[in-house]
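A.B. asks: Pasting a structure below so you can have a look.
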Amino acid sequence: KGASFWGLSMMLAVVVVVAAVMNVGVVSAQPPTGECTVTVYDTNSYQNGNSGACDCKAGIASYPTAALNTANFGVSTGAGPACGKCFKLHIYGDPYDASWCSDSYEVVIKVADECPAPSNTRWCTAPNEFGRSVHFDLAQQAPAVRAITSATGRGAFYARYAQVPCSQWAGYNDPNANGLQTGWGFCPQTNDAGAVAGTFSPQCSGSSSTSSATSSSGGSTSFVWADGVSVWWIGIGASASSVSIDCGRGYEAMTPAGWTIGSTPVWLWQNKGYACSSTVSINIGGSIVSATLP
Numbered sequence: 247k248g249a250s251f252w253g254l255s256m257m258l259a260v261v262v263v264v265a266a267v268m269n270v271g272v273v274s275a276q277p278p279t280g281e282c283t284v285t286v287y288d289t290n291s292y293q294n295g296n297s298g299a300c301d302c303k304a305g306i307a308s309y310p311t312a313a314l315n316t317a318n319f320g321v322s323t324g325a326g327p328a329c330g331k332c333f334k335l336h337i338y339g340d341p342y343d344a345s346w347c348s349d350s351y352e353v354v355i356k357v358a359d360e361c362p363a364p365s366n367t368r369w370c371t372a373p374n375e376f377g378r379s380v381h382f383d384l385a386q387q388a389p390a391v392r393a394i395t396s397a398t399g400r401g402a403f404y405a406r407y408a409q410v411p412c413s414q415w416a417g418y419n420d421p422n423a424n425g426l427q428t429g430w431g432f433c434p435q436t437n438d439a440g441a442v443a444g445t446f447s448p449q450c451s452g453s454s455s456t457s458s459a460t461s462s463s464g465g466s467t468s469f470v471w472a473d474g475v476s477v478w479w480i481g482i483g484a485s486a487s488s489v490s491i492d493c494g495r496g497y498e499a500m501t502p503a504g505w506t507i508g509s510t511p512v513w514l515w516q517n518k519g520y521a522c523s524s525t526v527s528i529n530i531g532g533s534i535v536s537a538t539l540p
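Add 246 to a position in the sequence shown, counting from 1, and you land on the number used in the numbering used here.
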């Protein structure tokens, strides 16, 4: 009985300590939808056994995650109540370039860390220097995040956000991406209280172009160029189980980018060391179309 009582006492002590860690300096929380700023950072969290403020498992680094500014993270020390919340971000602008606008990029992230206001007054205060009270700092380790920065050539954005069910997050079913790394924090598979549908109206025009081409069977297939084409990549939005492209040397598979245009998945073709011809053939789920590159 003595040993059992001692064990129970230790468990209660641990619960009290964790509760204390999760409630240091509680401030405010963001509305379920609104305007925000977004940046991208290179983090060593989730590497070599380290973890962010939420203490999420290291496998979370394979999927889009973010550090949320202190006022919305919920605490100034330890794991906040925002840990594990999922947000869809609709990126549309650049704080440093008013001429750039695109509705082509959306990504669902999971909050795994805090962006501390005292050490990052430009972005992480509420409001920050760009007039936004909500800020997400995305970890660039995730391929879906790198795809956006590579496609746009940018690392800071204006965006709209919506808290969405975590079933929409790419790592939802991965046991290596859910739960605690060391055991002291708060990183649930779902933290969906307040979640909404997460649909956005266009914020600008001309960020993508829709093309139609006659298929080999005489029908019509539509797709969207994903914010154009560069020498390094070609991106299209198409709803299909597989997409491949013939740039002049035979069909090569396009790969899922991990982000969408609206609800349409984006597929990428990475540069293979040679230029595409100006007219390409695209196999969208078995339907062949010819199109001229924008």
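Beta carbons: idealized from backbone N, C-alpha and C, even for Gly. Since the structure is predicted, the reported quantities are computational estimates derived from the model, not experimental observations.
Please specify which runs of the beta strand (DSSP E), each continuous and at least 3 residues long, are wholly inside the segment 286-357, giving them in chain order.
C.D. replies: Correct list: 311-315, 332-340.
A.B. asks: From the DSSP output, which residues share a beta bridge with Gly280?
C.D. replies: In the sequence shown, residue 280 corresponds to position 34, counting from 1. Looking at the DSSP assignment, Gly280 forms a beta bridge with Tyr407.
A.B. asks: Express the C-alpha separation of Pro511 and Gly218 in angstroms, rounding to a whole number.
C.D. replies: Beyond the ends of the chain as shown, which are 247 and 540, falls residue 218; an answer cannot be given.
A.B. asks: Give the single residue among Glu352, Pro364, Ser379, Phe403 whose Cα lies nearest to the Cα of Ala416.
C.D. replies: Looking up residue 416 in the sequence shown gives position 170. For the residues Glu352, Pro364, Ser379, Phe403, the minimum Cα distance to Ala416 belongs to Glu352.
A.B. asks: Using DSSP's beta-bridge definition, name the partner residues of Leu426.
C.D. replies: The residue given as residue 426 occupies position 180 in the sequence shown. For Leu426, which the question treats as bridged, DSSP gives the partners Cys302.
A.B. asks: Would Tyr407 be called buried (16 or more neighbouring beta carbons within 10 Å of its own) or exposed?
C.D. replies: As a working mapping, residue 407 is identified with position 161 in the sequence shown. By the neighbour-count rule (16 or more Cβ atoms within 10 Å), Tyr407 is buried.
A.B. asks: Please identify the residue among Asp288, Tyr309, Thr279 whose C-alpha is closest to the C-alpha of Asn422.
C.D. replies: The residue labelled residue 422 in the question sits at position 176 within the sequence shown. It is Tyr309 whose Cα lies nearest to the Cα of Asn422.
A.B. asks: Within the continuous beta strand (DSSP E) that includes Thr538, where are the two ends?
C.D. replies: The residue given as residue 538 occupies position 292 in the sequence shown. It spans 533-538 - the beta strand (DSSP E) in which Thr538 sits, taken as one unbroken run.
A.B. asks: Would you report the Cα separation of Leu314 and Ser523, rounded to the nearest angstrom?
C.D. replies: In the sequence shown, the residue the question calls residue 314 occupies position 68. In the sequence shown, the residue the question calls residue 523 occupies position 277. Those two C-alpha atoms are separated by around 43 Å.
A.B. asks: Are there 16 or more other CB atoms within 10 angstroms of the CB of Ala317, so buried, or fewer, so exposed?
C.D. replies: The count along the sequence shown starts at 1 and reaches residue 317 at position 71. Buried: at least 16 other Cβ atoms inside 10 Å.
A.B. asks: Out of Val357, Ile355, Ala372, point me to the one whose CA is closest to Ala363's CA.
C.D. replies: Within the sequence shown, residue 363 is the residue found at index 117, counting from 1. Comparing Cα positions, the closest option is Ala372.
A.B. asks: What do you reckon, are the CB atoms on Ala299 and Gly324 nearer than 8 Å?
C.D. replies: Numbered from 1 along the sequence shown, position 53 holds the residue referred to as residue 299. Numbered from 1 along the sequence shown, position 78 holds the residue referred to as residue 324. Contact: yes.
A.B. asks: Val286 and Ala405 look like a contact to me (Cβ under 8 Å); what is the Cβ gap, rounded to whole Å?
C.D. replies: Looking up residue 286 in the sequence shown gives position 40. Looking up residue 405 in the sequence shown gives position 159. Their Cβ separation, rounded to whole angstroms, is 12 Å, which puts Val286 and Ala405 out of contact at 8 Å.
A.B. asks: Considering only their Cβ atoms, is the gap separating Ser533 from Asp492 smaller than 8 Å?
C.D. replies: Your numbering for residue 492 matches position 246 in the sequence shown. Your numbering for residue 533 matches position 287 in the sequence shown. Not a contact, by the Cβ cut-off of 8 Å.
A.B. asks: CA-CA distance, Asn294 and Leu426?
C.D. replies: Numbered from its first residue, the sequence shown carries residue 294 at position 48. Numbered from its first residue, the sequence shown carries residue 426 at position 180. Confidence is the limiting factor: at Asn294 the pLDDT is only 48, short of 50, which leaves the residue's position unreliable, though a coordinate-based value still follows. Cα-Cα distance, rounded: 15 Å.
A.B. asks: Over what stretch of residues does the alpha helix (DSSP H) that includes Ser396 continue unbroken?
C.D. replies: As a working mapping, residue 396 is identified with position 150 in the sequence shown. First-last of the alpha helix (DSSP H) with Ser396: 389-398.
A.B. asks: Report buried or exposed for Gln414, applying the criterion of at least 16 other Cβ atoms within 10 angstroms of its Cβ.
C.D. replies: Position 168 of the sequence shown, counted from the first residue, corresponds to residue 414. Exposed, because fewer than 16 other Cβ atoms sit within 10 Å of the Cβ of Gln414.
A.B. asks: According to DSSP, simplified to helix, strand and coil, what is Cys412?
C.D. replies: Here residue 412 refers to the residue found at position 166 of the sequence shown. If DSSP states are grouped into helix, strand and coil, Cys412 belongs with the helices.
A.B. asks: Is Val273 helix, strand or coil when you go by DSSP?
C.D. replies: By 1-based counting over the sequence shown, the position of residue 273 is 27. Unreliable placement is indicated for Val273, whose pLDDT of 49 sits below 50; the coordinate value is still reported in the next sentence. The answer is coil: DSSP assigns Val273 none of H, G, I, E or B.
A.B. asks: For Pro421, name the three-state secondary structure that DSSP assigns.
C.D. replies: The residue you call residue 421 lines up with position 175 of the sequence shown. Coil, per DSSP.
A.B. asks: For Cys332 versus Pro411, is the C-beta spacing smaller than 8 Å?
C.D. replies: Residue 332 sits at position 86 when you count from the first residue of the sequence shown. Residue 411 sits at position 165 when you count from the first residue of the sequence shown. For Cys332 and Pro411, yes; Cβs fall inside 8 Å.
A.B. asks: Count the other CB atoms within 10 Å of the CB of Val442; is the residue buried (16 or more) or exposed (fewer)?
C.D. replies: Locating residue 442 in the sequence shown gives position 196, counting from the first residue. So Val442 ends up on the exposed side.
A.B. asks: Which value, in whole angstroms, describes the spacing of the CA atoms of Ser490 and Arg392?
C.D. replies: Against the sequence shown, residue 490 aligns to sequence position 244. Against the sequence shown, residue 392 aligns to sequence position 146. For Ser490 and Arg392, the distance between alpha carbons rounds to 21 Å.
A.B. asks: Taking the DSSP output, what are the residues bridged to Thr231?
C.D. replies: Absent from the model: residue 231. The displayed extent of the chain is 247 to 540, so no value can be given.
A.B. asks: In or out: Glu375 buried (at least 16 other Cβ within 10 Å) or exposed?
C.D. replies: As a first step, residue 375 is located in the sequence shown; it is residue number 129 there, counting from the start. The residue in question, Glu375, is exposed, as its Cβ has fewer than 16 Cβ neighbours within 10 Å.
A.B. asks: Taking the Cβ atom as the reference point for each residue, do Ala388 and Ala304 lie within a distance shorter than 8 Å?
C.D. replies: Counting from one through the sequence shown, the residue named residue 388 turns up at place 142. Counting from one through the sequence shown, the residue named residue 304 turns up at place 58. Not closer than 8 Å, so no.
A.B. asks: With 16 other CB atoms within 10 Å as the buried threshold, where does Asp349 fall?
C.D. replies: As a first step, residue 349 must be located in the sequence shown, where it is residue number 103. By the neighbour-count rule (16 or more Cβ atoms within 10 Å), Asp349 is buried.
A.B. asks: Would you report the Cα separation of Thr525 and Ile480, rounded to the nearest angstrom?
C.D. replies: Here the question's residue 525 lines up with position 279 in the sequence shown. Here the question's residue 480 lines up with position 234 in the sequence shown. Each residue's alpha carbon lies about 13 Å from the other.
A.B. asks: In the DSSP assignment, the beta strand (DSSP E) including Thr525 goes from what residue to what residue?
C.D. replies: Reading the sequence shown from its first residue, position 279 is the one you call residue 525. Here the beta strand (DSSP E) through Thr525 covers 525-530.
A.B. asks: In this structure, how does DSSP classify Pro511 when only helix, strand and coil are distinguished?
C.D. replies: If you number the sequence shown from 1, residue 511 lands on position 265. Note: Pro511 maps to strand in three-state DSSP.
A.B. asks: Give the straight-line distance between the Cα atoms of Glu360 and Phe319, rounded to the nearest whole angstrom.
C.D. replies: Mapped onto the sequence shown, residue 360 falls at position 114. Mapped onto the sequence shown, residue 319 falls at position 73. Near 6 Å, if we compare the C-alpha coordinates of Phe319 and Glu360.
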